[in-house]
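Residue numbers (this note's numbering), protein chains in the order written: chain A, 8 to 260; chain B, 8 to 260; chain C, 2 to 213; chain D, 2 to 213.
By construction, the Cβ of each residue, glycine as well, lies at the ideal position given by its N, Cα and C atoms.
Working notes, beginning with the structure itself.
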Amino acid sequence: MIDKTVADAATAVAGIPDGSTIMVGGFGRAGQPAELIDALIEQGAGDLTIVSNNAGNGDTGLAALLAGGRVRKIVCSFPRQHDSWVFDRLYRAGRIELELVPQGNLAERIRAAGAGIGAFFSPTGVGTELSAGKEVREIDGRLYALEYPIWADFALVSGLRGDRWGNIVYRKTARNFGPIMATAAQTTIVQVDDMATLGALDPESIVTPGIFVDAVVAVGSRSWLRDGAFVGGVDADGMPLPDAAATRAEVDR
Amino acid sequence: MIDKTVADAATAVAGIPDGSTIMVGGFGRAGQPAELIDALIEQGAGDLTIVSNNAGNGDTGLAALLAGGRVRKIVCSFPRQHDSWVFDRLYRAGRIELELVPQGNLAERIRAAGAGIGAFFSPTGVGTELSAGKEVREIDGRLYALEYPIWADFALVSGLRGDRWGNIVYRKTARNFGPIMATAAQTTIVQVDDMATLGALDPESIVTPGIFVDAVVAVGSRSWLRDGAFVGGVDADGMPLPDAAATRAEVDR
Amino acid sequence: MTTRITRAQLAARVAMDIPEGSYVNLGIGVPTLVADYLPADQEIILHTENGLLGMGAAPHETQVDPDLLNAGKQPVTELPGAAFFHHADSFGMMRGGHLDVCVLGAFQVSQAGDLANWSTGGADAIPAVGGAMDLAIGAKAVYVMTDLLTKSGESKLVSACTYPLTGMACVTRVYTDHAIFDVRPDGFVVREAFGDNTVALLAALTGLELKG
Amino acid sequence: MTTRITRAQLAARVAMDIPEGSYVNLGIGVPTLVADYLPADQEIILHTENGLLGMGAAPHETQVDPDLLNAGKQPVTELPGAAFFHHADSFGMMRGGHLDVCVLGAFQVSQAGDLANWSTGGADAIPAVGGAMDLAIGAKAVYVMTDLLTKSGESKLVSACTYPLTGMACVTRVYTDHAIFDVRPDGFVVREAFGDNTVALLAALTGLELKG
Numbered sequence: 008m009i010d011k012t013v014a015d016a017a018t019a020v021a022g023i024p025d026g027s028t029i030m031v032g033g034f035g036r037a038g039q040p041a042e043l044i045d046a047l048i049e050q051g052a053g054d055l056t057i058v059s060n061n062a063g064n065g066d067t068g069l070a071a072l073l074a075g076g077r078v079r080k081i082v083c084s085f086p087r088q089h090d091s092w093v094f095d096r097l098y099r100a101g102r103i104e105l106e107l108v109p110q111g112n113l114a115e116r117i118r119a120a121g122a123g124i125g126a127f128f129s130p131t132g133v134g135t136e137l138s139a140g141k142e143v144r145e146i147d148g149r150l151y152a153l154e155y156p157i158w159a160d161f162a163l164v165s166g167l168r169g170d171r172w173g174n175i176v177y178r179k180t181a182r183n184f185g186p187i188m189a190t191a192a193q194t195t196i197v198q199v200d201d202m203a204t205l206g207a208l209d210p211e212s213i214v215t216p217g218i219f220v221d222a223v224v225a226v227g228s229r230s231w232l233r234d235g236a237f238v239g240g241v242d243a244d245g246m247p248l249p250d251a252a253a254t255r256a257e258v259d260r
Numbered sequence: 008m009i010d011k012t013v014a015d016a017a018t019a020v021a022g023i024p025d026g027s028t029i030m031v032g033g034f035g036r037a038g039q040p041a042e043l044i045d046a047l048i049e050q051g052a053g054d055l056t057i058v059s060n061n062a063g064n065g066d067t068g069l070a071a072l073l074a075g076g077r078v079r080k081i082v083c084s085f086p087r088q089h090d091s092w093v094f095d096r097l098y099r100a101g102r103i104e105l106e107l108v109p110q111g112n113l114a115e116r117i118r119a120a121g122a123g124i125g126a127f128f129s130p131t132g133v134g135t136e137l138s139a140g141k142e143v144r145e146i147d148g149r150l151y152a153l154e155y156p157i158w159a160d161f162a163l164v165s166g167l168r169g170d171r172w173g174n175i176v177y178r179k180t181a182r183n184f185g186p187i188m189a190t191a192a193q194t195t196i197v198q199v200d201d202m203a204t205l206g207a208l209d210p211e212s213i214v215t216p217g218i219f220v221d222a223v224v225a226v227g228s229r230s231w232l233r234d235g236a237f238v239g240g241v242d243a244d245g246m247p248l249p250d251a252a253a254t255r256a257e258v259d260r
Numbered sequence: 002m003t004t005r006i007t008r009a010q011l012a013a014r015v016a017m018d019i020p021e022g023s024y025v026n027l028g029i030g031v032p033t034l035v036a037d038y039l040p041a042d043q044e045i046i047l048h049t050e051n052g053l054l055g056m057g058a059a060p061h062e063t064q065v066d067p068d069l070l071n072a073g074k075q076p077v078t079e080l081p082g083a084a085f086f087h088h089a090d091s092f093g094m095m096r097g098g099h100l101d102v103c104v105l106g107a108f109q110v111s112q113a114g115d116l117a118n119w120s121t122g123g124a125d126a127i128p129a130v131g132g133a134m135d136l137a138i139g140a141k142a143v144y145v146m147t148d149l150l151t152k153s154g155e156s157k158l159v160s161a162c163t164y165p166l167t168g169m170a171c172v173t174r175v176y177t178d179h180a181i182f183d184v185r186p187d188g189f190v191v192r193e194a195f196g197d198n199t200v201a202l203l204a205a206l207t208g209l210e211l212k213g
Numbered sequence: 002m003t004t005r006i007t008r009a010q011l012a013a014r015v016a017m018d019i020p021e022g023s024y025v026n027l028g029i030g031v032p033t034l035v036a037d038y039l040p041a042d043q044e045i046i047l048h049t050e051n052g053l054l055g056m057g058a059a060p061h062e063t064q065v066d067p068d069l070l071n072a073g074k075q076p077v078t079e080l081p082g083a084a085f086f087h088h089a090d091s092f093g094m095m096r097g098g099h100l101d102v103c104v105l106g107a108f109q110v111s112q113a114g115d116l117a118n119w120s121t122g123g124a125d126a127i128p129a130v131g132g133a134m135d136l137a138i139g140a141k142a143v144y145v146m147t148d149l150l151t152k153s154g155e156s157k158l159v160s161a162c163t164y165p166l167t168g169m170a171c172v173t174r175v176y177t178d179h180a181i182f183d184v185r186p187d188g189f190v191v192r193e194a195f196g197d198n199t200v201a202l203l204a205a206l207t208g209l210e211l212k213g
């Protein structure tokens, strides 16, 4: 029997060694594998290269990993955010290396790694400083720069639900980088809210087939869902509203 | 109001001119847009270039279009099948041009067209006669050949269900080339069994978002479905079994 | 006396040029204002590059869904007919030229249609590009929406960008508080001057030769 | 006296080498026989390149679903846990090296691991490649399953392929009716000789230097 279920996040990330390249899903906080990141922080691996769209928010999650001095380099499209003070400080102090990649090239380079493409010509970034030094070629009257795949040793991804074969479905825009990162890493670890019985996920709607997944960890329902249905009551960061119940009662009136 | 619904297949294909390049979905008969092809046969456009995995089966559909002398060139991976006698005859007579493309390169080149990739390095076919003349490059110790996008003027695709925005879902392995062809054509025409109310298709499960679709035609349920549920009673070509009811009764016993 | 329309008026003016049925990406910041002026009785489908077509307005504060954000990471809603997809598909959609219109902000736009909008090149600045370079080349029409002049009075329309480029020869049209400019092979053409603004005035403000 | 196992025995022998949990693509023709010998109490997930992981056996003839075919266009079934995807995703899965094992037929395999299995190069033949070239390079291990000799007695293991190539240096192991051969940097190595077959006999049959 194939069973990719892992008991908890700590077990799932236990084998990540120092020096690993780790893809971390998420766009801002949406789809960030918070429990896996927390487990990685706890676990202690350092000298990491992180591939992720952003470079952490606030003082938790990816930002906390950075704050702990565990990350040597980050490959991302948008490190600067209103609450990216941890990255900002490290960067200004020269204590973290940054490879800045336009978001679509980041996505396509990750996909290319997963799909066995050796390199591809992208029109994005041509003539800008982010394409400096890249091979440029005119094809059918348009300029393209040659972009190479981005691989990782590990991918940490957040899905909504999984099964023991590792099939994964996502929720809304929390899907973002998860499905492509799952294809581009040697070892893909997915946290989900809960596990479905094998066969219960609609085979037409599975976004990440289990072939790309090595481990699935159920971490419990996100706080804005109850029995799988959206109930609200949090802000965009998932923090409880100061007086959600009261406000909601008011709306109901 | 956006309404991409078209009354019938004849109307949907009316604007296809002579000399067009047309992608035709399907892998064998599965996912072949039979009603759209029939309408195209009726419509009369000639000097066509067809991009499709196969080159027609039996004497109907794509094979009938070929038999009518309407196709100048076909780009495909597997023209030869047990029932591809129409193509075989035309090819031997030198009356149709063939560009043979390995199936995965065909799929990826179509995707590249839809995704704005100028060209890509593929490991498939390197060192074979199908890569003859292509630029070969060693990347990270592996050989790759440079492959260019394949575009079309029109794509004819078969889905299971659509809505007036052109969102499409497919059924089982009839999905095959449909979703990528839909992205690679100037004009994409999709036949579906039936139309869903806008919002009735699960936004997590839509495979082809409407942005890729120009026209949707409802052609009625495939004969092996009743009220959307599989009821069997046909062979792999969709032809009624000689005595399906009797056989089924026997099985029930 | 020069005429300057307000940001709201400008957003409304951009919205006027977006026909029903268009697929549109509104960049982070000022361009998102355009959404407020799209006619409620028309269907215009908004794309957000983090994986959604058919984006709706912001939710009520009690109905914020942290899994449903726009590219600016603000909470949004989904309309009936919406579809979700992953990042490679979403940027393939843009790069492949499937969007009809993209509206972006700008630091500078050159006569050649070059766009600079992602970095001021400041030595101390934290660099961040996000989807800017993909958006710049990712629609059939790329509209820039901006004040004509910086706060210190310099023209954002320039003969050549001095800020780091976002994309080369990618801008279709520039909507400013003074006028609307088309980018043509031979430079900027005044498409519509607001109020009493004249081509001569605009030429003086920008220091560029402009066609009327 | 040479020992030759039957095609069924060969299929069973290949199946023995596929561990539980493997993702496997069985090529059209003889390799599909392997499916019949995969142990029923183990989960081995079959991929078919036309867009399905978790392929099951053929259906009863009254339950044939024309939308559910394998790469040979024969009706199949789906197992609980199956997933459907489109052609670009399916071939990305192969090209990206995610399959553990692919089993293919062959006209010839060279000492360098080159495979020829798609065309005999006949002038009058209708060319057709399908997914052969993608499969050849599309798995962590590429197993070839074939008779050692052609009907006219020529070895299918060769020093260099004379038929048109399907893929270069892609074959991991060759399962034949006489023996199993590994492809190593220095040529073929006899991994397992069936019955009384000896390395010397196999060398004589193939005309190749073989390691034991």
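Using a Cβ-Cβ distance cut-off of 8 Å, the region 201–210 of chain D and the region 174–189 of chain D are in contact, since at least three pairs of beta carbons, one from each stretch, lie closer than that value. Under the Cβ distance rule, glycine 121/B does not count among the residues neighbouring chain A, no pair being separated by less than 7 Å. The alpha carbon of threonine 33/D has as its nearest neighbour, out of Thr147/D, Thr173/D, Lys152/D, Leu202/D, the alpha carbon of Thr147/D. Looking at Leu113/B, Gly217/B, Ser27/B, Leu47/B, the one whose alpha-carbon comes closest to that of phenylalanine 184/B is Leu113/B. Serine 165/A: member of the beta strand (DSSP E) spanning 159–165, first to last residue.
Rounded to the nearest whole angstrom, the CA to CA distance from glycine 173/B to methionine 95/D is 30 Å.
Nearest CB-CB separation between isoleucine 187/A and chain C: below the 7 Å threshold. Chain-ordered, the chain A residues with CB closer than 7 Å to the CB of leucine 69/C read Lys179, Thr180. Under DSSP, asparagine 61/B shares a beta bridge with Phe85/B. A distance below 7 Å between beta-carbons, with the five flanking residues on each side excluded, links isoleucine 19/C to the following residues of its chain, in chain order: Val25, Leu39, Ile45, Val102. Only those residues of the region 231–247 of chain B whose C-beta falls short of 8 Å from the nearest C-beta of chain D are listed: Trp231, Phe237, Gly239, Gly240, Val241, Asp242, Ala243, Asp244, Gly245. The C-beta separation of serine 129/A from tyrosine 151/A comes to about 6 Å, placing the pair in contact by the 8 Å criterion.
In terms of beta-carbon proximity, serine 84/A lines the interface with chain C, with at least one pair separated by less than 7 Å. For tryptophan 172/B, the closest Cβ of chain C is nearer than 7 Å. In this structure, DSSP gives histidine 87/C a state outside helix and strand, which the three-state scheme calls coil. Of all residues in the region 212–224 of chain A, only Ile213, Pro216, Gly217, Ile218, Phe219 come within less than 8 Å of chain D when Cβ atoms are compared, listed by chain position. Cβ contact annotation for glycine 26/A (same chain, cutoff 7 Å, sequence separation greater than five): Asp54, in chain order. Glycine 121/A: member of the alpha helix (DSSP H) spanning 110–122, first to last residue. A distance below 6 Å between beta-carbons, with the five flanking residues on each side excluded, links serine 138/A to the following residues of its chain, in chain order: Gly132, Ala152.
Taking every protein chain shown into account, the CB of serine 153/D has fewer than 16 other CB atoms within 10 angstroms, so this residue is exposed. Exclusion of the five residues before and after valine 159/D leaves Gln109, Ser111 as the residues of its chain whose Cβ lies within less than 6 Å of its Cβ. Between proline 249/A and alanine 83/D the beta-carbon gap is near 46 Å, outside 8 Å, which marks them as no contact. Near chain C, meaning a CB-to-CB distance below 7 Å, no residue of the region 55–75 of chain B qualifies.
Runs of the beta strand (DSSP E) lying entirely within the region 168–212 of chain C and spanning at least 3 residues, in chain order: 174–177, 180–185, 188–194. The secondary-structure analysis by DSSP pairs histidine 61/D with nothing; it has no beta-bridge partner. For glycine 97/D and glycine 106/D, the gap between their C-alpha atoms comes out near 21 Å. With a beta-carbon spacing of about 7 Å, tyrosine 155/A and arginine 116/A fall inside the 8 Å limit used to define contacts.
One thing to note: isoleucine 157/A has its Cβ no nearer than 7 Å to the Cβ of valine 78/A. For methionine 2/C and arginine 14/C, the gap between their C-alpha atoms comes out near 21 Å. Counting along the chain, the unbroken alpha helix (DSSP H) around tyrosine 98/A starts and ends at 92–99.
Residue contact with chain B for threonine 63/D: present (Cβ-Cβ distance below 7 Å to some residue of chain B).
Linking glycine 169/B to threonine 78/D through their CA atoms gives a straight-line distance of about 25 Å. A straight line joining the alpha-carbon of threonine 18/B with that of alanine 46/B spans about 9 Å. At least 7 Å separates the beta-carbon of glycine 114/C from that of valine 35/C.
Residue-level contact by beta carbon fails for phenylalanine 127/A and chain C, as no gap is shorter than 7 Å.
Using a Cβ distance threshold of 7 Å, leucine 166/C and glycine 28/C do not count as a contacting pair.
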